Amino acid sequence: GEDVEQSLFLSVREGDSSVINCTYTDSSSTYLYWYKQEPGAGLQLLTYIFSNMDMKQDQRLTVLLNKKDKHLSLRIADTQTGDSAIYFCAESGGYQKVTFGIGTKLQVIP
Amino acid sequence: DTAVSQTPKYLVTQMGNDKSIKCEQNLGHDTMYWYKQDSKKFLKIMFSYNNKELIINETVPNRFSPKSPDKAHLNLHINSLELGDSAVYFCASSQNPSGPQADTQYFGPGTRLTVL
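Sequence lines, in order, name chains U and S. Residues in the first sequence are numbered from 1 upward in steps of one, following the working numbering. Residues in the second sequence are numbered from 111 upward in steps of one, following the working numbering.
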């Protein structure tokens with residue numbers, strides 16, 4: 001079945017860039033997503049990328065997709081303390097089923 | 111103007127009891143989901159309904175029964191609660207047509223279930 005893997009934890013200093021990595025196994029993945037979960041809250045969609053793209057930029061967020069290696073990354077420029085959260089990578093083949101990674105906890109040190 | 115809402119937010123109950131969690135979305139979406147997030151934050155899909163019809167049913171004990179009275183509501187009923195059912199349960203919804211909007215899921219705030 002589909003599998004999505006992420007590292008569990010990332011710590012960065014405020015103002016630095018954060019890079020959260022994700023790998024997936026399903027070669028038929030059509031859409032790849034990044035969700036953010038703040039403490040005690042539900043998941044919030046940050047951005048998504050279609051599988052025929054290799055990069056997408058949205059303000060401080062840059063998503064890179066290497067489809068050959070099935071590797072997805074999320075770069076957050078000028079990381080702020082408000083960016084501290086758990087970030088979930090997810091993939092979908094377009095049939096309403098989305099597979100989530102285990103989540104990467106980002107800690108921003110002031 | 112809440113998009114996806116769940117009630118209750120917290121639920122504490124004894125083992126063996128039966129409980130329900132309700133979910134409503136006002137986004138006009140056709141598809142709704144239930145996820146379970148365990149203490150390690152692992153998020154696992156349980157069920158998915160499209161226009162009141164079950165389309166995804168992962169390996170979930172049959173003590174869990176989803177019910178969709180209409181496409182804006184998907185409730186989760188749990189019989190004979192066990193300690194291992196303690197988790198945060200998230201409801202989500204998405205649109206039906208193809209394209210990334212089809213699978214972009216909007217999540218509710220979660221229901222924290224504690225079974226004693």
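Ideal Cβ positions, reconstructed from N, Cα and C, are used throughout, including at glycine. Bear in mind that the values here come from a model prediction, so they are computed numbers and not experimental data.
query, result
"Using a beta-carbon distance cut-off of less than 9 Å, what residues from the region 148-159 of chain S approach chain U?", "Lys150, Lys151, Phe152, Leu153, Lys154, Ile155 and Ser158"
"For lysine 132 of chain U, count neighbouring Cβ atoms within 10 angstroms of its own Cβ and tell me buried if that reaches 16, exposed if not.", "Only positions 1 to 110 of chain U appear in this structure, which leaves residue 132 of chain U out of reach."
"Could you give the C-beta distance for serine 175 of chain S and leucine 184 of chain S, rounded to a whole number, given that I count them as a contact under 8 Å?", "11 Å between Cβ atoms; not a contact."
"Are the C-beta of valine 114 of chain S and some C-beta of chain U separated by less than 9 Å?", "yes"
"Along the chain, where does the beta strand (DSSP E) containing isoleucine 109 of chain U start, and where does it finish?", "104-109"
"Which residues in chain U have a C-beta closer than 7 Å to the C-beta of glutamine 135 of chain S? List them in chain order.", "Simply none; closest approach about 12 Å."
"When you check each C-beta in the region 74-101 of chain U against every C-beta of chain S, which residues fall closer than 7 Å?", "Ile86, Phe88, Ser92, Gly94, Gln96, Lys97, Val98 and Phe100"
"Let me know the secondary structure DSSP gives leucine 191 of chain S once reduced to three states.", "coil"
"What's the call for aspartate 54 of chain U, buried or exposed, on a 16-neighbour Cβ count within 10 Å?", "exposed"
"Would you mind giving the Cβ-Cβ distance between glutamate 38 of chain U and proline 110 of chain U, rounded to the nearest angstrom? I have them listed as a contact below 8 Å.", "Rounded, the Cβ-Cβ distance is 17 Å, inconsistent with contact."
"Taking the beta strand (DSSP E) that aspartate 58 of chain U belongs to, which residues open and close that run?", "55-58"
"Would you mind sorting glycine 103 of chain U into buried or exposed? The rule is 16 or more other CB atoms within 10 Å of its CB.", "buried"
"Taking Cβ to Cβ, would you say serine 204 of chain S is nearer than 9 Å to histidine 139 of chain S?", "yes"
"What residue range does the beta strand (DSSP E) around glutamate 163 of chain S cover?", "163-167"
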